[in-house]
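Chains as they are written, first to last, in the numbering used here: chain A, 1 to 274; chain B, 1001 to 1316. Every residue, glycine too, gets a C-beta built ideally from N, C-alpha and C. Keep in mind it's a predicted model, so treat the numbers as computed, not measured. Before any comments, here is the structure.
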Amino acid sequence: MSKSKAWRRDWPLMLALLILAIITYVPFVFTVINSFKINAQFFQEFWLPTTPLHPENYARAWPAMGRAILNSFTYSIPTLILTLVISGLAGYAFARYRFPGRNSLFISILALIMIPGILLVIPMFSVIITLDWDDTLQGVVLPWVSVEIVFGTFLMRTFFETLPREYFEAARLDGANEFSLLIRIAVPLAIPAFSTLAILNLLFSWNDIIWPLVAIFDSERLPVSIGVLSFAGAWSTDYGVTFASYVIASLPLIIIFAFTSRRFMDGLSGGLSI
Amino acid sequence: MTQKSKPMPSAKTEPSRWKLSSGFVPIYVPILFLIPALLLLLSFRYIPAVSAIFHSFTYWNIPEPSEFIGLQNYRALFDDPIFIKSLGNILKYMVGRTALVLVMAFVGAELVYNLTSDRWRNIWRMVFTIPMVIPITVNLLVWQQVYAGRQGMLNEFLTGIGAMARPYPWLGRPDTALPALIFIGFPAVAGFGFLIILAALQNLSSEVNDAALIDGCSRLRRVFAIDLPAIRGPLALILILSLNQGMQEFAPMLVMTQGGPINTTMSPAYYLYIQGFTYGKHGYASAIGAVLMLMTLMLSMFILRMRYRKAYDVEV
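Have a look at this one:
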């Protein structure tokens, strides 16, 4: 099809998409523009940029938001690593070995998807209080991992089942033991599935509000998801600084996305169905 | 949920090729691999789940020991006007939000899918993925600014074009607060639903589409006659996820309205949080959670039954 013909066919769709995109992005563009204004400029000109720019808004927001971002990474990275390792091990065991009770065990893990997370917050709170784990790394990370390995085990099992068993048999005949089969053969082949899981995991741990809200009392240790909320509450009278804090809070994931966009989008779409 | 569309969850579709033909491994190998997962699930999922149900029959203020009080929490719960109100609210929110998200994700995905140019298809896919990486809290705070009575974007826009004489506090009035929460992120194209539906559409065989077009089927008719039935599986998945998420919605209420004005945006999950962590009534909050769980389970079962009733998946 020629270019002009394609364009004649596509322009109504493109126009509709453009309108949808504009409405989607206006609030965010507005936030970025106004993060460079002081209140007087904001009250005078609502939509458009004004000069001089006030980047010092960012300097004001940075100490609190930078700490929150650092905290978020401190919680998210161990969560990510543990989730990948534990889901990989469990998914592999379900996919590759046959043992008594395998199916019922798998179904009982899958059933956990149906339990609303919020129901478990209270007893889990009681657990971490009993263990004296409030305001600790493990108090945030381990419950998060326990949420994420349910879907993770499912995803990794589904993936490992697609690997041809001939690969494993050949290596077995060469005398590889079970653990090295996993590390040398299964894991390298499973990189796409691991990246999907990693992305979903990162989005989850970066966004979760309820568990850090319950498990962390020290405001110095709050992750971004809550840090930005308390910062916005404290600075609500200064629009520019508040908006700057929103932008800072959004940057880490946007930067990660910029470097991994293809993998990111493929990981999120992955042909899921029921 | 399975990769691609299969008629049943993968637990039953076990290819025989996984039998270990070249020997046996000791049973401790799989058990060893499963131990970390099982330990975590046991301590942070299974035991807490049982504990939550048990404690819904108690008076409990952590860290004090609980005291068994029978059905008292449940009786109080169904006499609690705020809880009853929250059930009605969440029903409206859940249905409204799911309808919006499902329809807009489908519309967006079809628009992108029908483009002729691959390059533009990828660009638009990217455009509607980026908003997903903005932290949820930031998104909610930005939308609070959209709805704000003073210096709010919606008001400035509507008064600017002359559609409204005076600004209106959208989140501050009982009649508009809940609808405002439903329309957060409007047009709500950007999201998992969009990506999942688009991926499903792109997996459809182009031969069927071409054949339909040759037979004189219009593009619009093809969308409803071919695309829609063919992506039933992914749609059901989004429906379940969205309804379940809606039922447990918590963050918009916490960030934007605190359940107000006059409890018109109170949700059961947020009420659970208040009862548990503001008032320290952990037994009462557990009862709210148990009711919420029962509703979620019934809903999921219902959708799954609808999905597999007289429906056959055909590879297209």
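Check	Outcome
So is Val1050(B) buried or exposed if we call it buried at 16+ other beta carbons inside 10 Å?	exposed
So which residues on chain A does Asn1114(B) lean against when the C-beta distance must stay under 7 Å?	Leu13
Evaluate contact between the region 75–94 of chain A and the region 155–169 of chain A, counting only Cβ atoms and requiring at least three cross-stretch pairs below 8 Å.	yes
Report yes if the CB atom of Ala1193(B) is closer than 8 Å to the CB atom of Tyr1093(B), and no otherwise.	Rather than Ala, the amino acid found at residue 1193(B) in this sequence is Gly. In this structure, Tyr1093(B) does not lie closer than 8 Å to Gly1193(B) by Cβ.
Along chain A, in chain order, which residues have C-beta atoms closer than 9 Å to that of Glu1156(B)?	Phe46, Trp47
Do Ser1056(B) and Gly1283(B) have their CB atoms nearer than 8 Å?	yes
List the endpoints of the continuous alpha helix (DSSP H) containing Thr196(A).	191–207
Going by DSSP, what residues sit across from Thr1058(B) in a beta bridge?	Phe1068(B)
Taking all protein chains shown into account, do 16 or more other C-beta atoms lie within 10 angstroms of the C-beta of Met1293(B), making it buried, or fewer, making it exposed?	buried
Give every residue of the same chain whose Cβ lies closer than 8 Å to the Cβ of Phe1078(B), excluding the five residues on either side of it in the sequence, and list them in chain order.	Ile1084
Pop quiz: Gly1289(B) and Ile33(A) are said to be a contact at Cβ under 8 Å. What is the actual Cβ separation, rounded to whole angstroms?	Not really, about 42 Å apart at Cβ, beyond 8 Å.
Any beta carbon from chain B within less than 8 Å of Thr153(A)'s own beta carbon?	yes
Less than 8 Å between the beta carbons of Leu1140(B) and Leu142(A), yes or no?	no
Among Gly139(A), Ala111(A), Phe151(A), Leu173(A), which one has its Cα closest to the Cα of Thr196(A)?	Phe151(A)
Is the shortest distance between the beta-carbon of Ser1016(B) and the beta-carbons of chain A less than 8 Å?	Low confidence applies here, because Ser1016(B) scores a pLDDT of 42, under 50, leaving its location unreliable; read the following figure in that light. So no, Ser1016(B) is outside the interface.
Would you say the region 28–47 of chain A touches the region 159–177 of chain A, given that touching needs at least three Cβ pairs under 8 Å?	no
When the Cα atoms are used, what is the spatial distance from Val85(A) to Ser250(A)?	28 Å
Ordered along the chain, which non-local residues of its own chain (more than five positions away) have a Cβ less than 7 Å from that of Thr145(A)?	In the sequence under discussion, the amino acid at residue 145(A) is Val, which differs from the Thr named in the question. The answer, listed in chain order, is Thr79, Leu82, Thr83, Ile86.
Quick check on the burial criterion: 16 or more other C-beta atoms within 10 angstroms. Buried or exposed for Asp1118(B)?	exposed
Give me the subset of the region 1077–1099 of chain B whose CB atoms are less than 9 Å from a CB atom of chain A, sorted by chain position.	none
What is the DSSP secondary structure of His54(A), reduced to helix, strand or coil?	coil
If we cut at 8 Å on Cβ distances, does Pro188(A) have a partner in chain B?	no
With a CB to CB cut of under 7 Å and the five nearest residues on each side skipped, what residues in its chain are close to Asn1089(B)?	Leu1178, Thr1264, Thr1265, Met1266, Ser1267
Measure from the C-beta of Tyr50(A) to each C-beta in chain B and report whether the shortest distance is under 8 Å.	A small fix is needed here, since residue 50(A) is Thr in this sequence, not Tyr. No, Thr50(A) lies away from the interface with chain B (no Cβ there is under 8 Å from its Cβ).
By how many angstroms is the C-alpha of Ile1053(B) removed from the C-alpha of Met1295(B)?	14 Å
Using 8 Å as the threshold, is the C-beta distance between Val228(A) and Thr1129(B) below it?	no
Figure out for me which residue from Thr1176(B), Ser1206(B), Phe1044(B), Asn1209(B) has the closest Cα to the Cα of Ile1262(B).	Thr1176(B)
For the alpha helix (DSSP H) holding Trp144(A), just list the boundary residues, first then last.	137–160
Is Leu20(A) closer than 8 Å to Leu1115(B) when the C-beta atoms are compared?	no
Would Ala215(A) and Gly139(A) be called neighbours here (beta carbons separated by less than 8 Å)?	yes
Between the alpha carbons of Arg1305(B) and Arg1232(B), how many angstroms are there, rounded?	13 Å
Just to make sure I have the definition right: I need the residues of chain A whose C-beta is within less than 7 Å of the C-beta of Gln1072(B). Which are they?	The premise fails here: Gln1072(B) is roughly 17 Å from chain A at the closest Cβ pair, so nothing lies under 7 Å.
Measuring CB to CB, does Val224(A) end up less than 8 Å from Pro1131(B)?	no
Strictly below 7 Å CB to CB, what residues from chain A border Thr1296(B)?	Met114, Pro116
Can you tell me which of Ala1105(B), Ile1047(B), Leu1198(B) puts its alpha carbon nearest to the alpha carbon of Asn1122(B)?	Leu1198(B)
Which one of Ser4(A), Ile22(A), Thr260(A), Phe264(A) has the shortest CA to CA distance from Gly1185(B)?	Ile22(A)
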